[in-house]
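Number of protein chains: 2
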Amino acid sequence: MRTKLWLHDEKGNVIFGMGRTKMLEAIEQCGSISAAAKELKMSYRAVWARIRATEERLGGKPLLIRSKGGASGGGATLTPFARDLIKQYRALRKGVLSQSDKLYKKLCEPLIDQ
Amino acid sequence: MRTKLWLHDEKGNVIFGMGRTKMLEAIEQCGSISAAAKELKMSYRAVWARIRATEERLGGKPLLIRSKGGASGGGATLTPFARDLIKQYRALRKGVLSQSDKLYKKLCEPLIDQ
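Pasting the structure below:
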């Protein structure tokens with residue numbers, strides 16, 4: 004069974020999900036948005052637009068601390084809020100997946116494996 | 004929060020999900036694949052291909068009893084297995100959504116509503 008889950012606003016716009024979790028984790032690892040985008044085989048614009056949208060949809064809470072300029076073109080690290088968001092989303096996802104699995108085994112497997 | 008869930012095979016091919024549930028329910032209501040396809044604004048081929056794929060991926064268990072010919076172009080009704088599959092999938096989905104909601108309220112809402 005496959006289960007996907009996102010947080011979204013009233014209009015159906017994605018606030019947060021696995022994709023954005025991976026973007027933030029890549030930024031944390033790589034130290035900048037551009038390096039993270041390269042790692043994820045995405046454009047800088049695509050990564051940046053999603054992170055900006057999440058920040059806006061969470062009422063303007065910043066996810067990144069950016070340092071501009073320098074030879075490296077500036078870096079980015081995560082705010083404590085971004086770290087908490089990743090942690091809680093991952094815990095939510097883990098709980099939902101484990102409960103889905105139990106329910107699937109109880110409700111659907113007996114029927115399908117007949 | 005939005006949660007989607009499907010049953011899929013080892014290759015990642017969809018076996019069953021909300022889309023196919025709606026197709027089968029429309030066939031049950033409308034009495035034929037073509038009328039159901041029209042109702043769902045899908046092509047006959049698209050509906051039929053998905054149902055065939057589900058039957059194959061479940062080891063050849065039929066979902067439909069088809070009656071060919073006649074002025075109406077033939078009809079289709081669900082097998083008892085198809086009815087059970089819908090029932091169990093809906094129960095699974097309901098359980099997962101309600102548990103996701105509880106977990107979301109516990110894990111993410113306190114962080115986001117700060």
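Protein chains in written order, with the numbering used here: chain A, 4 to 117; chain B, 4 to 117. Using N, Cα and C, we set each Cβ at its ideal position, and we do this for glycine too.
(Q) Suppose you measure from the CA of B:Ala39 to the CA of A:Arg53; what does that come to, to the nearest Å? (A) Reading the second sequence from its first residue, position 36 is the one you call residue 39 of chain B. Reading the first sequence from its first residue, position 50 is the one you call residue 53 of chain A. Separation of B:Ala39 and A:Arg53 (C-alpha to C-alpha, rounded to the nearest whole angstrom) is 38 Å.
Q) What does B:Ile115 touch in chain A if you count any residue whose Cβ is under 7 Å from its own? A) Looking up residue 115 of chain B in the second sequence gives position 112. Under the 7 Å cutoff, chain A gives Leu61.
Q) Mind checking if A:Asp87 is an interface residue toward chain B, Cβ cutoff 8 Å exclusive? A) Locating residue 87 of chain A in the first sequence gives position 84, where the first residue counts as 1. Closer than 8 Å to some Cβ of chain B, the Cβ of A:Asp87 qualifies, so yes.
Q: Report yes if the CB atom of B:Thr24 is closer than 8 Å to the CB atom of B:Ile68, and no otherwise.
A: In the second sequence, the residue the question calls residue 24 of chain B occupies position 21. In the second sequence, the residue the question calls residue 68 of chain B occupies position 65. Going by C-beta atoms, B:Thr24 is not nearer than 8 Å to B:Ile68.
(Q) Short of 6 Å in beta carbon distance, which residues of its chain neighbour B:Thr80, apart from the five on each side in sequence? Order them along the chain. (A) Within the second sequence, the letter at position 77 stands for residue 80 of chain B. Non-local beta-carbon contacts of B:Thr80 in its own chain, meaning distances under 6 Å to residues more than five positions away in sequence, involve Ile68 in chain order.
**Q.** chain B contact for A:Ser103 (CB, 8 Å cutoff)
**A.** What you label residue 103 of chain A is simply residue 100 of the first sequence in a count that begins at 1. Yes, because at least one Cβ of chain B sits closer than 8 Å to the Cβ of A:Ser103.
(Q) Only counting the same chain, and skipping five residues up and downstream in sequence, which positions put a Cβ closer than 7 Å to that of B:Tyr92? (A) In the second sequence, residue 92 of chain B corresponds to position 89, counting from 1. Excluding positions up to five away in sequence, the list reads Phe19 and Thr24.
Q. When Cβ atoms are compared, which residues of the region 6-33 of chain B fall closer than 9 Å to chain A?
A. Answer set for the region 6-33 of chain B: Thr6, Lys7, Leu8, Trp9, Leu10, His11, Gly15, Val17, Ile18, Phe19 and Gly20.
(Q) Judging by CA-CA distance, which residue of B:Leu106, B:Val50, B:Ala56 and B:Leu66 is the nearest neighbour of A:Arg96? (A) Working through the first sequence from its first residue, we reach residue 96 of chain A at position 93. When only C-alpha atoms are compared, the closest one is B:Leu106.
Q | Pair within 8 Å by beta-carbon distance, A:Leu66 and A:Ala85 | A | Stepping through the first sequence from its first residue, residue 66 of chain A is reached at position 63. Stepping through the first sequence from its first residue, residue 85 of chain A is reached at position 82. Cβ distance < 8 Å, so A:Leu66 and A:Ala85 count as in contact.
Q: Determine which residues share a DSSP beta bridge with A:Phe84 and list them.
A: Start at 1 with the first residue of the first sequence, and residue 84 of chain A comes out as number 81. DSSP, once it has assigned bridges, lists no residue as partnering A:Phe84.
Q: Taking B:Gln27 as the reference, give the member of B:Gly98, B:Lys7, B:Gly78 and B:Gln102 with the closest Cα.
A: Position 24 of the second sequence, counting from 1, holds the residue named residue 27 of chain B. The sequence given here places Leu at residue 27 of chain B; Gln does not occur at that position. With distances taken between Cα atoms, B:Leu27 lies closest to B:Gly78.
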